[in-house]
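Numbering (my numbering), first residue to last: 46 to 262.
Even for Gly, the Cβ is constructed at its ideal location relative to N, Cα and C.
Here the structure is a predicted model, which means the values were calculated and not measured.
One structure is given below, encoded as structure tokens.
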Ligand code: GRF
């Protein structure tokens, strides 16, 4: 089961959401599915942390929720095998990272080529990469003096925050913003944009040509 291209038209998307924390983006995705705005079934929520609140959100909605961390395995190979086996068992064919704080193993990226997305709370390639996560991103944006920031949804490749950009949306930086107020406004936009972008994939509208991602009319 190798995926070489974007998600094909006419197939129901079997989604896994990978999380590590609170899971407000997961909640937005759950709500979009429930509200008929996202034509997908959430087959699995996978967390790198056992105490992620996102796991409780999943359970509340009757979604299979698993904690899977390399820490629990005595080799990297066994961890990767367990991840692939979990995805296969739940019939997952698309993965949305939503606050997942680990690198996706290259073996999984290869197997799900162009079928893994991530959401980042800034306009990539600015303010991304290793160590740029959470409130640090918004602090760096304010300290640099940026007037706009935003949200990026991109495909996942082997490097952090690097894969082709699928969609971006701007958020103004206000004179009196603190990292916390800015984070809150950016997060609201994340909750709108991520389900919208996943729906474009579910409708088979996303075309990937090298680094350029186009949306079919
Ligand atoms: C979001 O800001 C997302 O952009 C980043 O991690 C955060 C996750 O938040 N990748 P939540 O767990 O969805 O609330």
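CB contact flag (residue i, residue j, <8 Å)
i, j, result
"residue 61", "residue 135", "yes"
"residue 112", "residue 148", "no"
"residue 68", "residue 94", "no"
"residue 129", "residue 90", "no"
"residue 231", "residue 194", "yes"
"residue 97", "residue 120", "no"
"residue 58", "residue 84", "yes"
Cβ-heavy atom distance, residue i to the ligand GRF, below 7 Å
i, result
"residue 71", "yes"
"residue 183", "no"
"residue 247", "no"
"residue 99", "yes"
"residue 66", "yes"
"residue 224", "no"
"residue 173", "no"
"residue 24", "Any property of residue 24 remains undetermined from this structure, which presents the chain solely from 46 to 262."
"residue 107", "no"
"residue 166", "yes"
"residue 103", "no"
"residue 143", "yes"
"residue 232", "yes"
"residue 241", "no"
"residue 235", "yes"
Extent of the continuous alpha helix (DSSP H) run through residue i
i, result
"residue 212", "Premise fails: residue 212 lies in the beta strand (DSSP E), 210-217, not in any alpha helix (DSSP H)."
"residue 152", "151-156"
"residue 189", "180-189"
"residue 139", "Taken as a continuous stretch (DSSP letters only), residue 139 belongs to no alpha helix (DSSP H), being part of the beta strand (DSSP E) at 139-142."
"residue 134", "121-134"
"residue 227", "224-247"
"residue 35", "Outside the shown range of the chain (46 to 262) lies residue 35, about which nothing can therefore be said."
"residue 77", "69-79"
Residue i classed as buried or exposed, judged by whether at least 16 other C-beta atoms fall within 10 angstroms
i, result
"residue 189", "exposed"
"residue 220", "exposed"
"residue 54", "exposed"
"residue 47", "A caution first: residue 47 carries a pLDDT of 42, below 50, which makes its placement in the model unreliable, though a value can still be read off. Exposed, because fewer than 16 other Cβ atoms sit within 10 Å of the Cβ of residue 47."
"residue 223", "exposed"
"residue 229", "exposed"
"residue 260", "exposed"
"residue 252", "exposed"
"residue 235", "buried"
"residue 39", "The shown model of the chain, from 46 to 262, leaves out residue 39, and the question about it has no answer."
Extent of the continuous beta strand (DSSP E) to which residue i belongs
i, result
"residue 199", "193-200"
"residue 85", "85-92"
"residue 165", "161-165"
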